[in-house]
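If you read the sequences in order, they're chains E, F, B and C.
Going by this note's numbering, the final residue of the first sequence carries number 719, and the count climbs one at a time with no gaps.
Going by this note's numbering, the final residue of the second sequence carries number 719, and the count climbs one at a time with no gaps.
Going by this note's numbering, the final residue of the third sequence carries number 407, and the count climbs one at a time with no gaps.
Going by this note's numbering, the final residue of the fourth sequence carries number 407, and the count climbs one at a time with no gaps.
Read the structure below first, then the notes.
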Amino acid sequence: MANILSESGSGKTVHKVTGITVRMCGDSGDGMQLLGTQLTNTSALAGNDVATFPDFPAEIRAPRGTRAGVSGFQLQFASEEIFTPGDHLDALVVMNPAALVTNIGDLRKGGMLIANEDGFDEKEFKLAKVDANPLDSPSLNENYRVFKVPMTRLTRDAVTPFGLGNKEAERCKNFFAMGLVYWLFGRSLEPTSRFIRDKFAKKSPDLAKANEAALQAGWSYGETTEAFGLSYQVEAATLEPGTYRNIMGNPALAMGLLAASQLSGKDLFYSTYPITPASDILHELTQYKNFGVRTFQAEDEIAACGAAIGAAFGGGMGVTASSGPGIALKAEAMGLGVMLELPMIVINVQRGGPSTGLPTKTEQSDLLQAMFCRNGEAPLPIVAPQSPGDCFYMAIEAWRIAVECMVPVILLSDGYIANGSEPWKIPDLNDLQRIHISHPEASEAGEPFLPYARDEYLARPWAIPGTPGLMHRVGGLEKEDRTGNISYDPANHQHMVNTRARKVSELANRIPPQEVFGDASGDVLLVSWGGTFGACHSAVRSCRKEGLSVGHAHLRYLNPFPANLGEILHRFKTVIVAELNSGQLRMLLRAKYLVDCVGFNKVQGKPFTVQELVEAIKTRAPKG
Amino acid sequence: MANILSESGSGKTVHKVTGITVRMCGDSGDGMQLLGTQLTNTSALAGNDVATFPDFPAEIRAPRGTRAGVSGFQLQFASEEIFTPGDHLDALVVMNPAALVTNIGDLRKGGMLIANEDGFDEKEFKLAKVDANPLDSPSLNENYRVFKVPMTRLTRDAVTPFGLGNKEAERCKNFFAMGLVYWLFGRSLEPTSRFIRDKFAKKSPDLAKANEAALQAGWSYGETTEAFGLSYQVEAATLEPGTYRNIMGNPALAMGLLAASQLSGKDLFYSTYPITPASDILHELTQYKNFGVRTFQAEDEIAACGAAIGAAFGGGMGVTASSGPGIALKAEAMGLGVMLELPMIVINVQRGGPSTGLPTKTEQSDLLQAMFCRNGEAPLPIVAPQSPGDCFYMAIEAWRIAVECMVPVILLSDGYIANGSEPWKIPDLNDLQRIHISHPEASEAGEPFLPYARDEYLARPWAIPGTPGLMHRVGGLEKEDRTGNISYDPANHQHMVNTRARKVSELANRIPPQEVFGDASGDVLLVSWGGTFGACHSAVRSCRKEGLSVGHAHLRYLNPFPANLGEILHRFKTVIVAELNSGQLRMLLRAKYLVDCVGFNKVQGKPFTVQELVEAIKTRAPKG
Amino acid sequence: MNLPVLKPADFASTQEVRWCPGCGDYSILAQMKKVLPEFGVPREKIVFISGIGCSSRFPYYVNTYGMHSIHGRAPTFATGLKSTRPDLMVWVITGDGDALSIGGNHFMHVLRRNLDINIVLFNNRIYGLTKGQYSPTSVEGQITKSTPMGAIDHPVNPLSVALGAEATFVARSIDAYVTHLGEMLRRAADHKGTSLVEVYQNCNVFNDGAMAYAQEKTQRPDNVIELEHGKPLIFGKGRDKGIRLVGTKLEVCSLKDTPIDDLLIHDEKDPNPSMQMMLARMRYPEMPEPIGVLRAVSGVSTYDDQINQQVELAKSKWGVGDLQKLIHSGDTWVVS
Amino acid sequence: MNLPVLKPADFASTQEVRWCPGCGDYSILAQMKKVLPEFGVPREKIVFISGIGCSSRFPYYVNTYGMHSIHGRAPTFATGLKSTRPDLMVWVITGDGDALSIGGNHFMHVLRRNLDINIVLFNNRIYGLTKGQYSPTSVEGQITKSTPMGAIDHPVNPLSVALGAEATFVARSIDAYVTHLGEMLRRAADHKGTSLVEVYQNCNVFNDGAMAYAQEKTQRPDNVIELEHGKPLIFGKGRDKGIRLVGTKLEVCSLKDTPIDDLLIHDEKDPNPSMQMMLARMRYPEMPEPIGVLRAVSGVSTYDDQINQQVELAKSKWGVGDLQKLIHSGDTWVVS
Ligand SMILES: Cc1ncc(C[n+]2csc(CCOP(=O)(O)OP(=O)(O)O)c2C)c(N)n1
Ligand SMILES: Cc1ncc(C[n+]2csc(CCOP(=O)(O)OP(=O)(O)O)c2C)c(N)n1
Ligand code: SF4
Ligand code: SF4
Ligand SMILES: [Mg+2]
Ligand SMILES: [Mg+2]
């Protein structure tokens with residue numbers, strides 16, 4: 096962060112900086128996620144570009160005070176465009192010892208450590224499995240600027256007027272922390288005050304007042320006490336003009352489906368079985384029944400997938416979603432979808448695998464499963480959003496492809512973009528392209544109906560029950576071309592297998608050509624897909640700042656690949672494929688284009704850091 | 096077939112030929128499969144090399160007389176080594192019009208057509224959807240040597256003495272046809288007479304006598320009537336010395352599992368859910384309870400796979416099998432198997448896909464599903480037998496790998512070798528290598544037990560319930576190295592993902608190196624896997640006879656590949672990968688070795704013909 | 072509107088029927104074609120959905136919309152279809168393996184959700200299509216391809232399972248007893264909510280005569296009892312035997328020495344399925360096996376009604392969704 | 072042999088328990104640890120197998136062999152294990168979603184096969200681990216994350232389903248009623264065949280107090296009736312109320328004006344589950360809900376016994392298999 100000094104009213108120094116990365120952690124009960132989202136919105140409202148990374152424990156309520164129970168929220172806000180929540184922390188706020196020991200490693204040397212010292216006592220040390228008070232460790236105080244604040248006590252003092260019980264009073268301390276952080280980064284309290292009033296005023300006016308008081312107290316503590324010598328200021332970023340909001344991937348996906356539903360004039364039938372991290376999409380959509388959405392919580396994933404196909408057979412749009420092991424269970428029904436050639440969307444919000452794996456962590460290791468989980472030759476189109484906001488657009492795209500080609504489409508999201516957020520320029524719905532759908536009627540001439548005749552996209556007619564004269568039967572046995580009758584004819588089978596494959600492969604000519612950011616040819620091409628866009632993009636930017644010849648191709652279409660991809664790959668000396676798996680896209684690229692792509696892979700349940708990508712590019716760049 | 100003339104006793108000419116390919120077809124009710132297996136055994140007993148290809152309708156009892164109801168059995172027997180049932184027919188026996196019209200296309204010009212003319216009447220023409228009697232078609236009589244035999248009538252006459260009802264009497268006509276065919280190819284009636292006595296004598300002595308009479312009548316008809324001017328003779332082949340039997344793939348697989356069970360001293364727990372063509376393995380094994388086999392017909396494939404894992408946890412050997420859509424259902428449980436690191440075998444007898452597809456037809460399109468059907472990074476070893484007899488050995492091999500590496504192993508068979516048969520040199524069980532298994536005991540020193548510590552093969556200890564001091568818990572969440580406790584640690588996850596992958600990849604150094612038949616380097620390498628061995632091997636042989644420089648690498652280990660495979664691929668100008676799918680192995684080879692393999696693919700529910708492979712090799716061989 | 076009057080032949084598809092000669096499936100198909108015209112529902116408004124099995128080939132032979140889906144999952148496709156298209160008449164065709172082995176869970180859940188569809192379960196106590204393995208309804212000790220020493224599982228009683236799931240309509244009939252079968256199909260179609268009709272179906276290839284005691288005209292009267300709502304339980308060639316409740320147990324009694332008034336009166340409308348359960352458990356040879364409607368409870372909400380009512384309610388409560396408004400919800404800011 | 076006498080503490084694993092403070096799961100774990108030592112089965116001979124869910128974390132906390140498997144499939148792993156290792160004592164731990172939603176089919180089949188294992192079903196009427204969606208046992212109209220306008224499915228009654236599958240042992244208890252819970256676990260362990268114990272378990276985070284009427288000491292006596300074999304059905308704070316059978320219906324009556332002899336006598340041994348079904352269907356608030364052993368029928372063959380007996384029988388009939396002979400069976404010929 097650049098340092099431009101100035102004077103604040105209180106005679107305190109204000110550093111103007113281009114960006115801040117801060118993480119707030121405490122016990123899952125301490126309300127850190129709320130603190131994070133509030134600071135995010137406030138910063139966004141202040142015109143900063145922001146990117147967030149919430150990280151909560153796997154347990155519902157992990158034991159208080161333990162390391163497993165630590166819940167954290169990381170945020171980067173800046174006066175320039177940013178694409179990730181940041182690698183290293185400029186500031187770390189910790190509410191207890193467990194939070195400190197599990198997060199201190201990410202604080203940069205010289206960074207600020209703000210600790211609620213009331214949270215550091217013998218009891219907490221035991222729970223956190225530390226023998227001495229980590230705040231007293233000399234090395235800590237050498238490497239970082241440590242601020243010990245008695246937040247609990249100060250909060251209690253601040254809220255006594257409102258006569259809350261001790262427990263309740265203490266619960267307000269996250270607002271105290273918030274106030275202090277707001278002061279530190281020159282944020283206005285107003286949006287959060289408003290939020291507090293909206294949220295608590297009705298239920299309990301006292302609680303509302305108390306929280307506001309705590310917020311104020313935190314701010315005053317920074318402003319008045321000697322503890323903090325200086326504060327920071329981050330100017331507004333220059334973003335594309337428009338109306339913005341913060342958005343997370345899962346809600347964006349839900350809204351994208353709503354948009355597609357309206358663009359195509361088809362009600363959405365969303366059938367699923369709960370699983371982390373896909374469930375939130377259900378929680379969103381089930382609130383939108385007035386948009387004509389029908390949500391079906393099925394008995395299992397097989398039923399969810401079957402119901403989506405049943406809805407599609409009836410002329411509705413069936414969408415089903417899951418994660419991890421839940422997707423494996425859909426494979427058989429997806430295969431039927433391939434044979435029935437009905438539109439449907441299968442969403443996979445990827446998480447750490449294999450098996451139950453790491454349910455709350457992110458990963459990109461289901462790409463090959465999406466390609467090949469079905470028995471027989473059963474190719475399907477696959478798309479993948481690149482950021483939380485992009486989930487909105489790729490949901491529409493998946494819907495468009497599904498109905499245009501009469502085929503199930505797989506959408507691969509992941510835990511990182513599903514729960515992460517970014518400022519999102521709200522689109523004008525009128526700018527979105529309509530999705531045209533037509534259902535055939537019986538021919539006047541009364542010729543027999545051919546359910547497996549095909550149009551220019553090789554799509555078959557979507558004839559729906561209720562249409563006189565078009566009665567027909569579909570099923571999973573191989574079908575005769577055009578008539579759709581069962582056929583064991585060898586040549587017909589070959590023809591149908593080829594046709595189903597062509598239907599998907601020929602999409603390559605209709606999806607947008609692959610774009611390359613940075614150098615259009617040269618030393619290194621970084622290839623990535625899905626939720627890693629931000630980190631990869633940032634890495635390429637900074638490498639180019641340093642004068643390296645690097646391009647970045649981020650794929651949002653994974654099957655088929657854009658028609659121009661092969662040609663792009665050949666334009667670079669080195670092709671690096673960065674993925675949060677062991678090299679799945681890399682394998683597909685090597686097989687298809689015979690390009691000796693090298694992999695940069697990470698399977699740790701965590702997103703890439705920009706820095707490790709920068710290093711990867713540098714070490715793999717052709718020498719001399 | 097070479098023509099060496101001689102004189103038979105009856106003054107009829109006998110052609111000595113090196114091989115005959117004959118197909119017998121009729122209505123599913125006509126007993127053609129029995130006719131085929133009898134002729135096969137008799138020919139084998141006569142010392143010929145034989146290869147068979149039964150082909151029955153999908154329906155249990157397809158409507159009488161219809162094309163859908165035609166059941167056929169093809170057999171090649173020869174005085175030299177053969178590897179396929181033959182491409183073109185030297186002789187075709189048909190019992191009705193439907194059989195004729197659906198099979199005549201495979202009869203070579205000048206070949207013999209033997210028809211039961213009693214089966215050709217108006218009623219039958221309607222059922223077969225032919226308007227005129229195809230036997231009268233001039234082109235038929237121009238292109239083939241047509242023999243019309245009133246088999247039904249002659250059979251009835253022959254069996255009248257035994258006072259069977261009309262229907263029953265007619266049913267004997269397949270034995271009449273058999274007798275005629277036996278005479279035509281100089282086969283002894285004895286083995287079949289014995290078979291008839293064993294099979295029918297008890298139930299109904301009259302029926303036994305009738306069938307024998309019909310058999311004799313057929314033979315006499317050939318010997319005495321003028322209809323047939325000449326017969327053929329095929330000398331014994333020179334096979335490796337030993338005791339032989341005919342064997343089909345599914346029974347061989349079952350016996351291989353029994354052998355592995357004895358070699359490892361572990362009872363077999365076979366849990367499955369019926370599905371074509373895998374079911375016959377269950378039907379075999381459930382008869383071998385006295386071998387300690389426990390068979391469990393589960394409520395579905397998920398339960399079958401789960402039960403196999405449960406048995407393995409208890410220290411038994413769990414084997415589960417399915418086909419087509421049934422495999423997709425096992426994916427989730429297989430993923431758990433990957434995490435639990437318990438031995439198990441998952442057998443996939445592949446059939447035509449996708450979805451329900453072509454249940455009774457063969458295909459090789461589940462290779463990529465075997466590789467990637469599971470969520471997350473979940474590699475597993477994959478082996479594939481190359482012939483019916485090889486199913487015996489690969490079952491043992493799969494078992495060996497599973498217990499040696501503590502990992503589920505996938506065995507890919509297919510409908511062609513599962514139901515096809517070949518003469519099999521019966522092994523001496525004492526020559527088979529023992530499979531060593533040891534279960535840990537608690538350490539004297541009482542150190543804590545580490546369920547995820549590893550040996551030199553990276554296998555974890557197989558500690559089983561009942562062992563004092565080794566109590567431990569396993570599960571699908573990521574596990575801490577060594578202790579097996581749940582761990583969300585990023586570095587640990589990376590380590591475990593890598594370790595599970597290495598455990599499989601390092602097998603490459605312990606499986607037999609890939610062998611190449613024919614040229615060790617040169618113009619063309621034909622790569623194949625699984626049930627296509629026979630056709631590919633024959634094709635390469637005949638190409639080499641013609642002087643082409645061709646090698647053949649047939650893979651029985653598909654994951655990992657043998658260590659020397661890459662180096663082999665690079666030794667040839669052209670690499671052709673022949674598969675009964677759209678290019679699945681080809682993709683894996685291209686990705687791994689960056690060799691521009693070309694594919695020769697067929698997805699028609701039918702095996703390769705030698706000739707189409709020969710042409711494929713010639714057209715793709717480097718020119719000039 | 073006045074519909075063209077349809078005849079059974081109008082419901083025949085162009086596909087040739089591929090069951091074994093003599094299979095009980097033929098008679099069920101015939102009865103279905105016979106009753107379908109009576110409902111006055113045009114063919115294009117009817118959908119048959121099946122799983123996998125010989126029985127599941129059924130949809131191919133009926134000239135309506137149809138889906139031959141995957142093994143055991145037919146109810147799931149029906150759920151998606153009926154929930155979004157309540158205007159359609161949906162039939163599910165399934166077998167004992169399809170519905171009770173691999174499909175048991177979907178079977179249970181569709182029944183308890185009371186989706187307004189009709190399920191016809193072809194029970195031949197065997198796996199037909201896969202050539203003769205035992206099924207969940209095969210009797211203990213039954214010798215089949217997969218049980219050479221006899222089946223060791225205790226069989227599932229489809230009616231008990233359905234009653235356990237509190238199905239609102241549960242009936243049983245027999246392939247060979249065509250008039251009764253037709254009537255059961257009618258009753259099922261008339262019922263609002265999930266209707267289950269179990270049909271004893273003879274697989275003359277792999278399990279021939281397994282239910283001859285109920286299928287054969289001569290044996291039926293003594294081995295089967297026809298339930299009728301509000302009527303006493305009487306059976307037997309000479310209608311000379313009855314069923315009565317003694318304490319908490321049912322027993323057969325002769326009408327010679329038992330007054331009719333002592334006999335149990337069948338109540339298909341009893342919301343409590345316990346007595347119906349008692350009837351369902353009557354098993355040959357100890358007892359006559361019940362056919363007819365065991366349970367027909369009306370007034371229970373159906374899943375398809377409810378899911379659509381919530382949509383309508385939401386629209387009337389909050390107005391038809393305004394997407395532009397929705398995507399602008401929460402804190403927004405303008406960059407200019 | 073004489074075993075070391077174990078204490079509850081000996082069954083504690085090294086893993087720290089990760090349930091929410093106040094979760095009902097703690098008390099079930101405590102009772103399990105309390106009763107386990109009483110069986111005299113050494114720890115290494117006991118296996119806990121669970122599916123996925125909060126409840127399914129259970130095996131990690133017990134120092135025996137254990138498997139935390141996949142969602143809904145625990146009974147399948149138990150089947151493979153118990154069929155090959157009948158010497159082990161196998162417990163299955165499952166939740167209402169795990170057992171009745173995704174796992175309903177395996178649940179039904181393991182019960183009807185009567186595999187000799189013990190199933191403890193933690194019923195909190197909610198999906199806990201996935202943070203609060205409704206489950207098959209959630210009540211109609213229940214507002215949850217996935218049902219903002221109320222659940223529209225008719226709930227599943229685990230006991231009815233089990234009885235419909237003719238389970239041989241069916242019981243119910245309550246997390247907070249520890250003495251009773253311990254006793255039910257004992258009874259389950261003693262039963263030969265599949266034992267099912269449904270436990271009302273409070274999820275104080277996502278469904279707090281949903282069963283308070285049964286859990287809270289003060290409310291329990293009036294809302295819950297404790298079944299005892301051979302005893303009349305009496306309940307109420309002053310044990311002043313009873314249940315009697317009128318015709319085919321159960322009704323609550325006051326003991327002031329009803330002689331005890333008129334009350335229904337509970338028969339847990341009745342092979343016909345119909346009366347037990349009637350009890351299972353008693354629902355708060357109309358009726359008191361039954362806890363205790365509804366059904367305990369002995370003498371029914373178990374799957375694990377049968378599968379192993381067939382192996383022994385085959386060996387004694389045909390002798391231990393001779394593989395060399397087997398592979399030489401059929402026509403063979405010698406090439407020299
Ligand atoms: C996932 C899957 N598993 C197994 C099969 C094989 N299979 C087809 S039908 C069937 C059972 C048939 O029995 P039933 O449902 O009683 O129908 P029936 O043929 O007797 O009418 C089985 C096991 C399949 N097609 N798909
Ligand atoms: C195949 C699969 N689908 C879904 C999930 C997600 N999931 C885990 S537990 C659970 C349900 C938990 O409810 P319940 O069984 O009642 O257990 P509880 O947490 O309430 O104890 C679900 C849906 C999963 N892990 N695997
Ligand atoms: S196998 Fe049995 S059920 Fe199937 S069609 Fe033939 S007779 Fe009918
Ligand atoms: S979420 Fe509910 S069930 Fe799960 S641990 Fe917490 S309180 Fe218990
Ligand atoms: Mg059946
Ligand atoms: Mg629950």
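Cβ atoms here follow ideal geometry from the backbone N, Cα and C, with glycine treated the same way.
query                                                                                                                                                                            : result
I want to check one thing, is the minimum distance from the CB of Gly412 (chain C) to the heavy atoms of ligand 2 below 6 Å?                                                     : Not covered by the structure: residue 412 (chain C). The range shown for chain C is 72 to 407.
Rounded to the nearest angstrom, what separates Ser359 (chain F) and Ile530 (chain F) at their Cα positions?                                                                     : 5 Å
Report yes or no: do the segment 263–275 of chain C and the segment 367–382 of chain C share at least 3 C-beta pairs separated by less than 8 Å?                                 : yes
Have a look at Asn345 (chain F) and Thr714 (chain F) and give me their C-alpha separation to the nearest angstrom.                                                               : 36 Å
How would you write the range of the alpha helix (DSSP H) that Gln395 (chain C) sits in, first residue to last?                                                                  : 394–398
Do Met103 (chain B) and Ile120 (chain B) have their CB atoms nearer than 7 Å?                                                                                                    : no
In chain order, what residues of the same chain lie with their CB nearer than 6 Å to the CB of Ala416 (chain E), ignoring the 5 residues before and after it?                    : Thr367, Ala373, Ile376, Ile442
Alpha carbon to alpha carbon, how far is Ser677 (chain E) from Pro92 (chain C)?                                                                                                  : 39 Å
Does the beta-carbon of Asn273 (chain C), which I'm using as the reference point, lie nearer than 6 Å to any heavy atom of ligand 6?                                             : no
For Thr704 (chain F), does the count of other Cβ atoms within 10 angstroms reach 16, so buried, or fall short, so exposed?                                                       : buried
Answer yes or no: does any C-beta atom of chain F fall closer than 7 Å to that of Pro420 (chain E)?                                                                              : yes
Just confirm the distance between the C-beta atoms of Gly447 (chain E) and His588 (chain F), as a whole number of angstroms; I'd bet it's less than 8 Å.                         : 7 Å
Give me the Cα-Cα distance between His180 (chain B) and Glu394 (chain E), rounded to the nearest whole angstrom.                                                                 : 7 Å
Just to confirm my understanding: we take Asp375 (chain B), look at its own chain, exclude 5 residues before and 5 after, and list those with CB closer than 7 Å. What are they? : Lys153, Ser154, Pro157, Leu186, Asp187
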